[in-house]
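Working notes, beginning with the structure itself.
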Amino acid sequence: MTHNDYLKPAGQAAFHDSGVTKFQDVVRAWKGEELTGFGLLGVPLSKPSISHSGASFAPAVMRSILLNTATYAIEDDVDLKDLDLVDLGDILMHVTDLAASQTRIEETLDAILKENPNFIPVILGGDHSISSSTIKAFGKAKGRIGVIQFDAHHDLRNLQDGGPSNGTPFRNLIESGSLDPTNLVQIGIRNFSNSQTYSHYAKDNGVKVMTMREVKQQGMLAAVKEAYGQLKENVDAIYLSVDIDVLDQAFAPGCPAIGPGGMTSEALLEGVSYLGGQELIKAIDVVEIDPKQDFRDMTSKVGVFTILSFLTGKMLADRRRTV
Ligand code: CA
Numbered sequence: 005m006t007h008n009d010y011l012k013p014a015g016q017a018a019f020h021d022s023g024v025t026k027f028q029d030v031v032r033a034w035k036g037e038e039l040t041g042f043g044l045l046g047v048p049l050s051k052p053s054i055s056h057s058g059a060s061f062a063p064a065v066m067r068s069i070l071l072n073t074a075t076y077a078i079e080d081d082v083d084l085k086d087l088d089l090v091d092l093g094d095i096l097m098h099v100t101d102l103a104a105s106q107t108r109i110e111e112t113l114d115a116i117l118k119e120n121p122n123f124i125p126v127i128l129g130g131d132h133s134i135s136s137s138t139i140k141a142f143g144k145a146k147g148r149i150g151v152i153q154f155d156a157h158h159d160l161r162n163l164q165d166g167g168p169s170n171g172t173p174f175r176n177l178i179e180s181g182s183l184d185p186t187n188l189v190q191i192g193i194r195n196f197s198n199s200q201t202y203s204h205y206a207k208d209n210g211v212k213v214m215t216m217r218e219v220k221q222q223g224m225l226a227a228v229k230e231a232y233g234q235l236k237e238n239v240d241a242i243y244l245s246v247d248i249d250v251l252d253q254a255f256a257p258g259c260p261a262i263g264p265g266g267m268t269s270e271a272l273l274e275g276v277s278y279l280g281g282q283e284l285i286k287a288i289d290v291v292e293i294d295p296k297q298d299f300r301d302m303t304s305k306v307g308v309f310t311i312l313s314f315l316t317g318k319m320l321a322d323r324r325r326t327v
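Under my numbering, the first residue of the sequence shown carries the number 5, and numbering increases by one thereafter.
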């Protein structure tokens with residue numbers, strides 16, 4: 005061997021093991037071909053946040069972690085290396101015009117979903133304000149839709165006082181007629197995080213609310229089965245929206261509105277994996293991760309594992325269908 009054998013090209017991993025498959029070997033950049041599987045779509049918008057947020061940095065950080073993660077899920081004995089998984093890149097945000105950014109999100113996803121009816125988007129937020137735009141596009145493409153929302157908060161603030169922020173996405177969807185409130189299920193809503201006004205709004209409008217205590221008492225699997233069961237007869241497709249602040253603050257230091265009393269990351273992954281395996285669940289977003297406040301990328305990693313649990317659920321469902 006000469007000294008040249010030890011030189012690695014810049015940008016390549018310092019150590020290579022030919023027996024390991026990582027997502028960097030699986031994910032391919034989208035070049036405009038028909039989309040039939042899954043695709044990462046970054047939405048780097050967090051300026052509409054009520055509190056300071058660097059969630060616009062999360063798509064890049066989550067992508068980087070994902071690409072360096074191994075594809076094999078030993079607990080389920082599935083290897084995600086066989087997934088049809090593309091990266092569509094990020095939607096370009098307007099520098100100052102929030103309404104223009106929200107329109108870009110809706111129009112971009114609307115065009116993608118209408119041209120690719122079987123495509124399942126995996127949306128990397130951004131703060132929770134993005135979900136009003138992505139779910140409007142989802143509804144236009146899919147018809148009657150339901151939403152399952154993991155969140156500490158209702159996100160049902162009125163739009164008059166602060167405009168379309170990360171506190172209003174589901175109120176926005178209801179008031180714009182984009183979502184029937186009886187087809188919205190909120191999982192993990194907890195104490196000292198919501199005003200009674202908005203709990204009343206949820207109740208008065210028929211939103212199904214499963215508080216954190218109720219989720220703990222019945223167990224995650226029973227909770228998500230109930231949530232899916234409530235929606236499946238009434239809708240054509242379901243959008244899964246995961247606000248990482250549904251977690252206890254012990255699991256998610258890099259999240260602007262985090263607090264105690266939330267769920268474990270293990271419970272979240274279990275619930276998302278189950279829902280990923282259900283036929284009508286046809287989109288997921290993961291929002292409210294702020295890498296600038298994070299510690300050792302803990303929160304971004306939970307975000308990535310949430311996505312991987314969703315995809316594992318889909319692969320397990322495929323395996324059940326083909327056996
Ligand atoms: Ca939220």
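Just so you know, even glycine gets a beta-carbon here, dropped at the ideal spot from N, CA and C.
When the Cα atoms are used, what is the spatial distance from residue i to residue j?
| i | j | result |
| --- | --- | --- |
| Met-97 | Gly-166 | 20 Å |
| Asp-94 | Gly-143 | 21 Å |
| Asn-176 | Asp-21 | 49 Å |
| Asp-83 | Glu-218 | 34 Å |
| Asn-198 | Ile-109 | 27 Å |
| Ala-62 | His-204 | 33 Å |
| Met-370 | Leu-87 | With the chain represented from 5 up to 327, any question about residue 370 goes unanswered, as that position is not in the structure. |
| Pro-185 | His-158 | 12 Å |
| Val-250 | Lys-146 | 27 Å |
| Pro-52 | Val-189 | 24 Å |
| Thr-310 | Ile-193 | 18 Å |
| Ala-14 | Ser-60 | 27 Å |
| Asn-72 | Lys-26 | 6 Å |
| Asn-120 | Val-308 | 24 Å |
| Gly-280 | Leu-235 | 15 Å |
| Asp-252 | Ile-262 | 7 Å |
| Ser-136 | Asn-162 | 13 Å |
Taking all protein chains shown into account, do 16 or more other C-beta atoms lie within 10 angstroms of the C-beta of residue i, making it buried, or fewer, making it exposed?
| i | result |
| --- | --- |
| Lys-305 | buried |
| Ala-254 | exposed |
| Ile-78 | exposed |
| Lys-328 | Because the chain in this structure spans residues 5 to 327, residue 328 falls outside the shown range and cannot be described. |
| Gly-233 | exposed |
| Asn-187 | buried |
| Val-211 | buried |
| Phe-123 | buried |
| Lys-286 | buried |
| Gln-28 | exposed |
| Asp-9 | exposed |
| Ala-103 | exposed |
| Gln-106 | buried |
| Gln-153 | buried |
| Tyr-202 | buried |
| Asn-170 | buried |
| Pro-264 | exposed |
| Thr-326 | exposed |
According to DSSP, is residue i helix, strand or coil?
| i | result |
| --- | --- |
| Gly-280 | helix |
| Ser-313 | helix |
| Ile-139 | helix |
| Val-228 | helix |
| Met-319 | helix |
| Val-90 | strand |
| Arg-108 | helix |
| Ala-103 | helix |
| Lys-220 | helix |
| Arg-325 | helix |
| Lys-12 | coil |
| Lys-1 | Because the chain here runs from 5 to 327, residue 1 falls outside it and cannot be looked at. |
| Lys-207 | helix |
| Lys-26 | strand |
In the DSSP output, which residue or residues are listed as bridge partners for residue i?
| i | result |
| --- | --- |
| Leu-128 | Gly-46, Val-290 |
| Gln-153 | Gln-190, Ser-245 |
| Lys-212 | Val-189 |
| Arg-32 | Val-90 |
Is residue i close to chain D, meaning its C-beta is less than 8 Å from at least one C-beta of that chain?
| i | result |
| --- | --- |
| Gly-41 | The chain labelled as chain D is not found in the depicted structure, where only one protein chain is given. |
Legend entry - Segments of 3+ residues assigned as beta strand (DSSP E) that fall wholly inside the segment 39 to 86: 42 to 47
Inset, instruction - Just list the beta strand (DSSP E) runs in the segment 167 to 203, keeping only unbroken ones of 3 residues or longer that don't cross its boundaries, in chain order. - result: 188 to 193
Legend entry - beta strand (DSSP E) runs contained entirely in the segment 233 to 306, provided each spans 3 or more residues: 241 to 247, 285 to 291
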